[in-house]
Amino acid sequence: MSAAIVTGGSAGIGRAVAERLLTAGQEVISLDVQPTDLPRVRHVEVDLTDAAATAQAAAEIARAHQVTTVVHNAGVIRPALLPEVKLEDLNALLNLHLSAAVVLVQASLPAMKAASYGRVVLVSSRAVLGLPTRTSYSATKAGMLGMARTWALELAPLGITVNVVAPGPIQTANFHGIVPPGSPQVERIIQAIPVKRLGQPEDVARAVMFFVDREAGFVTGQVLYVCGGTSVGSLTL
Numbered sequence: 007m008s009a010a011i012v013t014g015g016s017a018g019i020g021r022a023v024a025e026r027l028l029t030a031g032q033e034v035i036s037l038d039v040q041p042t043d044l045p046r047v048r049h050v051e052v053d054l055t056d057a058a059a060t061a062q063a064a065a066e067i068a069r070a071h072q073v074t075t076v077v078h079n080a081g082v083i084r085p086a087l088l089p090e091v092k093l094e095d096l097n098a099l100l101n102l103h104l105s106a107a108v109v110l111v112q113a114s115l116p117a118m119k120a121a122s123y124g125r126v127v128l129v130s131s132r133a134v135l136g137l138p139t140r141t142s143y144s145a146t147k148a149g150m151l152g153m154a155r156t157w158a159l160e161l162a163p164l165g166i167t168v169n170v171v172a173p174g175p176i177q178t179a180n181f182h183g184i185v186p187p188g189s190p191q192v193e194r195i196i197q198a199i200p201v202k203r204l205g206q207p208e209d210v211a212r213a214v215m216f217f218v219d220r221e222a223g224f225v226t227g228q229v230l231y232v233c234g235g236t237s238v239g240s241l242t243l
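Residue 7 is where the sequence shown starts when you use this note's numbering, and the numbers rise one by one after that.
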């Protein structure tokens, strides 16, 4: 049976994606620093900001599973205005958002090539369009777009598609780590979103499932903003 890797699969968007993949009959492997409470998900504890640990986990998974789907969802924000940006944060997010994607897809490629089939979805962010305090986050999440378009061209002849989902404000622990629940800022953000609500993890999971569907083989190299309309207007957090 083919398997799907979901990074950050223990909570929020990753958990919602893992649930839907399970429902679709996929074997799911979650890579996360926190354990999952989904009973049929295999949990691999790994800090994806650690390049060596990521490489080891990827190799072990590839030896034991035929991975044909990779959903790289794990993300950290580490906000700071430009004068306070720390290069250690930038480098950590480079490892997490970009290097981990390279390592996981590289490890999965032999199985995808053997199957003449593969699905890769990178979860980026609406912040790639610009947002104050997001230097490290938006830069590394924007890198996903160029990487995905390049991989889409390279891998299309092999039956492998590569696409990006870019969420806007989604009600997760990551979001509330920046914007406290119940604070006046939450309502200000909602009023700045054209659809007048925060997104939910399931909103993003539905978009991911479109791209990973076996029938979506004619869609590759695309970016889908799941953002309540904030990608076509201004957003102030």
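Beta carbons: idealized from backbone N, C-alpha and C, even for Gly.
The structure presented is a predicted model; accordingly, all values stated were derived computationally and were not measured.
Who are Y231's beta bridge partners in DSSP? Translated into the one-based positions of the sequence shown, residue 231 becomes position 225. Y231 is bridged to A172.
In this structure, does DSSP put H71 in helix, strand or coil? Residue mapping note: residue 71 aligns to position 65 of the sequence shown, counting from 1. Reduced to three states, the DSSP call for H71 is coil.
Considering only their Cβ atoms, is the gap separating G18 from T178 smaller than 8 Å? The count along the sequence shown starts at 1 and reaches residue 178 at position 172. The count along the sequence shown starts at 1 and reaches residue 18 at position 12. In this structure, T178 places its C-beta atom within 8 Å of the C-beta atom of G18.
Reference T42; option with closest CA among D53, G14 and L27: In the sequence shown, counting from the first residue as 1, residue 42 sits at position 36. Checking every option, the nearest Cα to that of T42 belongs to G14.
I want to know whether the stretch 198-215 touches the stretch 106-118 - three or more CB-CB distances under 8 Å. Between the stretch 198-215 and the stretch 106-118 there are fewer than three inter-stretch CB-CB distances shorter than 8 Å, so the stretches are not counted as touching.
Whole angstroms are fine: how far does the CA of Y123 sit from the CA of F181? Here residue 181 is taken as the residue at index 175 of the sequence shown, counted from 1. Here residue 123 is taken as the residue at index 117 of the sequence shown, counted from 1. Answer to the nearest angstrom: the Cα atoms are 34 Å apart.
What is the residue span of the alpha helix (DSSP H) that E25 lies within? For the purposes of this step, residue 25 is identified with residue 19 of the sequence shown, where counting begins at 1. In the DSSP assignment, E25 falls within the alpha helix (DSSP H) that extends over G18 to T29.
DSSP state of S8 mapped onto helix, strand, coil: Counting from 1 along the sequence shown, the entry for residue 8 is found at position 2. Shown here, S8 sits in a strand according to DSSP, grouped into three states.
If distances are taken between C-alpha atoms only, which option among K147, P186 and Q62 comes closest to V170? One-based indexing of the sequence shown puts residue 170 at position 164. Nearest of K147, P186 and Q62 to V170, Cα basis: K147.
Counting only runs that start and end within the stretch 36-92, where is the beta strand (DSSP E) found for 3 or more residues in a row? The DSSP assignment places complete beta strand (DSSP E) segments of no fewer than 3 residues inside the stretch 36-92 at 47-51 and 72-78, in order along the chain.
With distances taken from CA atoms, which of T29, S130, A10 and V127 is nearest A68? Position 62 of the sequence shown, counted from the start, is the residue given in the question as residue 68. Per the Cα distances, A10.
Cβ-Cβ distance between L230 and A172 below 8 Å: The residue labelled residue 230 in the question sits at position 224 within the sequence shown. The residue labelled residue 172 in the question sits at position 166 within the sequence shown. The answer is yes: Cβ separation under 8 Å.
Residues in its own chain within less than 6 Å of S8 by CB, not counting five upstream and five downstream? Taking the sequence shown and counting its residues from 1, one reaches residue 8 at position 2. Non-local C-beta neighbours of S8 in its own chain, meaning closer than 6 Å and more than five positions away in sequence, comprise Q72 and T74, ordered along the chain.
Does T226 come out as helix, strand or coil in the three-state DSSP assignment? Counting from 1 along the sequence shown, the entry for residue 226 is found at position 220. Secondary structure at T226: coil, using DSSP grouped into helix, strand and coil.
Measuring CA to CA, which of V232, P116, L151 and E193 is closest to A213? Counted from its first residue, the sequence shown places residue 213 at position 207. For A213, the nearest C-alpha among the options comes from V232.
Starting from G124, trace the alpha helix (DSSP H) both ways and give me its first and last residue. In the sequence shown, the residue the question calls residue 124 occupies position 118. Bounds of any alpha helix (DSSP H) do not take in G124; it lies within the beta strand (DSSP E) bounded by G124 to V129.
By how many angstroms is the C-alpha of A121 removed from the C-alpha of T139? As a working mapping, residue 139 is identified with position 133 in the sequence shown. As a working mapping, residue 121 is identified with position 115 in the sequence shown. In this structure, the alpha-carbon of T139 lies about 43 Å from that of A121.
Report the rounded CA-to-CA distance for V218 versus Q32, giving the unit in angstroms. Here residue 218 is taken as the residue at index 212 of the sequence shown, counted from 1. Here residue 32 is taken as the residue at index 26 of the sequence shown, counted from 1. Whole-angstrom Cα-Cα distance: 11 Å.
Beta-carbon proximity check, P175 vs L204, cutoff 8 Å: The sequence position of residue 175 within the sequence shown is 169, counting from 1. The sequence position of residue 204 within the sequence shown is 198, counting from 1. Contact: yes.
Closest by C-alpha distance to G165, when choosing among P116, V39 and Q40: As a working note, residue 165 is residue 159 in the sequence shown. Selected option, being the one with the closest Cα: P116.
Any contact between the stretch 52-60 and the stretch 95-103? By contact I mean 3 or more CB pairs, one from each, below 8 Å. The stretch 52-60 makes contact with the stretch 95-103; the number of CB pairs closer than 8 Å reaches 3 or more.
Leaving aside the five residues before and after R46 along the sequence, list all residues of the same chain whose C-beta is less than 6 Å from its C-beta, in chain order. Start at 1 with the first residue of the sequence shown, and residue 46 comes out as number 40. Here the set comprises L28.
Spatial distance of A65 from P200 (CA atoms): Along the sequence shown, read from residue 1 onward, the residue named residue 65 stands at position 59. Along the sequence shown, read from residue 1 onward, the residue named residue 200 stands at position 194. Using only the alpha carbons, I get a separation of about 43 Å.
Measure the beta-carbon distance from A25 to L44 and round it to whole angstroms, keeping in mind my assumption that it falls under 8 Å. Translated into the one-based positions of the sequence shown, residue 25 becomes position 19. Translated into the one-based positions of the sequence shown, residue 44 becomes position 38. The sequence as given places Glu at residue 25; Ala does not occur at that position. Rounded to the nearest angstrom, the Cβ distance from E25 to L44 is 7 Å, consistent with a contact under 8 Å.
Label T226 either buried or exposed according to how many other C-beta atoms from any shown protein chain fall within 10 Å of its C-beta, with 16 as the threshold for buried. The residue given as residue 226 occupies position 220 in the sequence shown. T226 is buried by the Cβ-count criterion.
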